[in-house]
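Asks: First residue of the sequence shown: 33, per our numbering; consecutive thereafter.
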Amino acid sequence: MKNTPPTEFLPVGSSPPMLKGKQNKVALMLGGGGARAAYHAGFLRRLGELHPELYFPILTGVSAGAINIACLGSGPGSFRENSVRLADFWSDITVGQVFNADWAATLANMLRWVGRLATGGSGLAPSTRSLVNTGPLRSFLSAALKPGADGRLLGVADNVRRGHLDAVAITTTNYLSGISTTWVESREIVSWSRPGRAGLPADLGLDHVMASCALPLFFPAVRLENAWHGDGGIRLVSPLSPAIHLGATKILAISTRPPRPFPTADPIRPVPYPAPASIIGQMLDAVFLDVLDQDALHLQRLNHLLAGHPRQNLDGLSQVELILVRPSVDIGALAAAHERDLPRAFRFAIRGLGTRDTAQSDLLATVMFSHSYVGQLMAIGARDAEARSEEIAAFVRG
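(1) Can you tell me where the beta strand (DSSP E) with GLY231 in it begins and where it stops?
(2) Taking only the alpha-carbon atoms, compute the straight-line gap between HIS196 and ALA96 and give it to the nearest angstrom.
(3) Would you tell me roughly how many angstroms separate the C-alpha atoms of ARG358 and ALA309, rounded to the nearest one?
(4) Answer with buried or exposed for ILE221, where buried requires no fewer than 16 other C-beta atoms within 10 angstroms of its C-beta.
(5) Quick check on the burial criterion: 16 or more other C-beta atoms within 10 angstroms. Buried or exposed for THR151?
(6) Entirely within the region 390-418 and at least 4 residues each: give me those alpha helix (DSSP H) ranges in chain order.
(7) Fully enclosed by the region 241-275, which alpha helix (DSSP H) runs are 4 residues long or longer?
(8) Scan the region 333-385 and note each continuous beta strand (DSSP E) run of 3 residues or more that stays entirely inside, going in chain order.
(9) Please list, in chain order, all residues of the same chain as LEU356 whose beta carbon is under 7 Å from its beta carbon, the five residues on each side excluded.
(10) Would you check if there are 3 or more beta carbon pairs closer than 8 Å linking the region 312-322 to the region 373-381?
(11) Can you check which of these residues, LEU86, LEU82 and ARG78, is closest to LEU60 by C-alpha distance?
(12) With 16 as the cutoff for other CB atoms within 10 Å, does LEU149 come out buried or exposed?
(13) Tell me which residue opens and which closes the beta strand (DSSP E) that ALA98 is part of.
(14) Grab the span of the beta strand (DSSP E) containing LEU284 for me, first residue to last.
(15) Please check the pair TRP122 and VAL406, which I expect to be a contact at CB under 8 Å, by giving their CB distance rounded to whole angstroms.
(16) Distance check for ALA365 and ALA234, CA to CA, integer angstroms please.
(17) Compute the distance between the beta-carbons of ILE202 and ALA98, then report whether it is under 9 Å.
(18) Can you tell me where the beta strand (DSSP E) with LEU62 in it begins and where it stops?
(19) Quick check: what's the CA-CA separation for PHE251 versus ILE125?
(20) Between THR213 and the rest of its own chain, which residues show a CB-CB distance below 6 Å, the 5 nearest in sequence each way excluded?
(21) Under 6 Å Cβ to Cβ from HIS240, same chain only, skipping five residues before and after it: list those, please.
(22) Excluding the 5 residues preceding and the 5 following ASN35 in the sequence, name in chain order all residues of the same chain whose CB lies nearer than 7 Å to its CB.
(23) Closest to LEU173 by CA distance: which of LEU163, ARG184 and VAL164 is it?
Here's what the structure looks like:
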């Protein structure tokens, strides 16, 4: 991240309406990570069981985190009730409810890609939009979120209208312009425009969720308004900024990336050339996981600067408190043990990328929507919530 003043911290005179109030507003921000977002569900369910009184009026999510935010924001109940609903959603999920990866579908898509490459994209071979068909995920989400006939998330609209929620925001990437676009449903019309990113008022719908979690190349893009949109993590350089634009004074952000020590190479043992799966996994982590760490560090540094100059105006900036939750173990590394849970055809396809030739399982973890893996992540999330529940409860109440 460039060492420039963060534009989400606005002078009071130029702030959006929801940023002007002095009242305490706590935002819940959920990042991406594909199937690793099951960790969110386990963490939040246990947190809700231990502290059912907790309340997050601002919800923001990106990539797979957008699915979880949509589930929480659509629920009619309390935080505890909605977090149980979210956990039930993940407990029911299977690979087949996320994408169609049977032999016929997978082989057909692979042949289309090979054909396009072999013919130099001349049009002699049919084009393909993604490796898998996510029609099953749309159906599964539709059953869980119960959108209207036009796809609108009626639960979100009702919660915002009743004042139960201040705002719900979902971020996508506009493939035409390259702009990171945050779609906001809120009680007040809120919008912003910064280099490379924008916030737009919207009636959130199922398409926004599907677009935000559309993993590049793996899942198809979704048409929103007059452009195709994909995974919100691709161009999102400041994942905390939507919550701040929406008036948050505190943010609870949940990442799926564990703290990782700097690795040391064995000076004697030769290091093999990285498999494509390892390279793709690192790219996915850079897009979906690492940027939250950088943004959190940026926010902490600015808070430290503001705390050291309490009597200076500093352009009307104010501190925004942050708790960043991480898994206590490397949940990505656990995915390799569940590889055989993937459909045979899809497993065959990604093995071609070298998933068995590397100890790094981040690519597998992104697509490992299996009962056993999801259950393991939810259990880890619940355990981590127990360890930090009192800290978080005090943070939200304070």
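From the three backbone atoms N, C-alpha and C, an ideal C-beta is built for every residue, glycine too. Bear in mind that the values here come from a model prediction, so they are computed numbers and not experimental data.
Replies: So, from the data block:
(1) Looking up residue 231 in the sequence shown gives position 199. Counting along the chain, the beta strand (DSSP E) containing GLY231 begins and ends at 229-233.
(2) Here residue 196 corresponds to residue number 164 of the sequence shown, with the count starting at 1. Here residue 96 corresponds to residue number 64 of the sequence shown, with the count starting at 1. HIS196 and ALA96: Cα-Cα distance of roughly 23 Å.
(3) Your numbering for residue 358 matches position 326 in the sequence shown. Your numbering for residue 309 matches position 277 in the sequence shown. Going from the Cα of ARG358 to the Cα of ALA309 covers about 24 Å.
(4) Along the sequence shown, read from residue 1 onward, the residue named residue 221 stands at position 189. ILE221 is exposed by the Cβ-count criterion.
(5) Taking the first residue of the sequence shown as position 1, residue 151 is located at position 119. THR151 comes out exposed.
(6) 394-399
(7) none
(8) 353-357
(9) Taking the first residue of the sequence shown as 1, we reach residue 356 at position 324. For LEU356, where only same-chain residues beyond five positions count, the Cβ hits under 7 Å are ALA285, SER287 and ALA328.
(10) no
(11) Stepping through the sequence shown from its first residue, residue 60 is reached at position 28. Out of LEU86, LEU82 and ARG78, LEU86 has the C-alpha closest to the C-alpha of LEU60.
(12) Translated into positions along the sequence shown, residue 149 becomes position 117. Answer is exposed; the Cβ neighbour count stays below 16.
(13) To locate residue 98, count along the sequence shown from 1; it is residue 66. Not the beta strand (DSSP E): ALA98 falls in the alpha helix (DSSP H), residues 96-106.
(14) Translated into the one-based positions of the sequence shown, residue 284 becomes position 252. Element bounds for LEU284: 282-286.
(15) Position 90 of the sequence shown, counting from 1, holds the residue named residue 122. Position 374 of the sequence shown, counting from 1, holds the residue named residue 406. That belief holds up - the Cβ atoms of TRP122 and VAL406 are roughly 5 Å apart, short of 8 Å.
(16) Position 202 of the sequence shown holds residue 234. Position 333 of the sequence shown holds residue 365. Going from the Cα of ALA234 to the Cα of ALA365 covers about 37 Å.
(17) The count along the sequence shown starts at 1 and reaches residue 202 at position 170. The count along the sequence shown starts at 1 and reaches residue 98 at position 66. It is a contact, given that the beta carbons lie within the stated cut-off.
(18) The sequence position of residue 62 within the sequence shown is 30, counting from 1. Counting along the chain, the beta strand (DSSP E) containing LEU62 begins and ends at 58-62.
(19) Walking along the sequence shown from the start, residue 251 turns up at place 219. Walking along the sequence shown from the start, residue 125 turns up at place 93. Roughly 17 Å separates the two Cα atoms.
(20) The sequence position of residue 213 within the sequence shown is 181, counting from 1. So the qualifying residues of the chain are THR204, ASN206 and ALA230.
(21) For this step, residue 240 is matched to residue 208 along the sequence shown. Taken in chain order, the residues that qualify are ILE202 and TRP215.
(22) Within the sequence shown, numbered from 1, the residue matching residue 35 stands at position 3. Below a pLDDT of 50, predicted positions are generally treated as unreliable, and ASN35, at 36, falls in that range; the measurement from the model is reported next regardless. Cβ within range, chain order: n/a, list empty.
(23) Counting from one through the sequence shown, the residue named residue 173 turns up at place 141. Of LEU163, ARG184 and VAL164, the residue nearest in Cα terms is ARG184.
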